[in-house]
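**Student:** Counting from 1, one number per residue, gives the positions in the sequence shown under UniProt numbering.
Don't be surprised by glycine CBs; every beta carbon is placed ideally from N, CA and C.
Note that this is a predicted model, so its numbers are computed, not measured.
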Amino acid sequence: MASDSGQMIYRRRSRIETVNAILKGRGLDVIRVRSMAKVTCIVLLQVLAHNLWCAHRLRTATP
1 MASDSGQMIY
11 RRRSRIETVN
21 AILKGRGLDV
31 IRVRSMAKVT
41 CIVLLQVLAH
51 NLWCAHRLRT
61 ATP
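1) If you reduce the DSSP assignment to three classes, tell me which class D4 lands in.
2) Taking Cβ to Cβ, would you say L23 is nearer than 8 Å to H50?
3) Express the C-alpha separation of N20 and V33 in angstroms, rounding to a whole number.
4) What would DSSP say about S35, mapped onto helix, strand or coil?
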């Protein structure tokens with residue numbers, strides 16, 4: 001992790017794990033539907049909600 005490329009990989013991995021933890025906290029850890037189309041729909045809705053939340057957070061943080 002001393003090299004620049006190692007630090008970049010570590011930063012990217014920590015960002016991805018943060019997003020995974022947020023989605024798991026919102027109920028994406030157990031999916032209670034059975035077909036692939038329904039699972040895809042649930043995941044896309046969760047991703048949309050996460051992106052809207054990030055956009056709102058960034059918009060309100062900027063003066």
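**Tutor:** In brief:
1) Note: D4 maps to helix in three-state DSSP.
2) It is a contact, given that the beta carbons lie within the stated cut-off.
3) Roughly 20 Å separates the two Cα atoms.
4) The three-state reading of DSSP puts S35 in coil, since its state is none of H, G, I, E or B.
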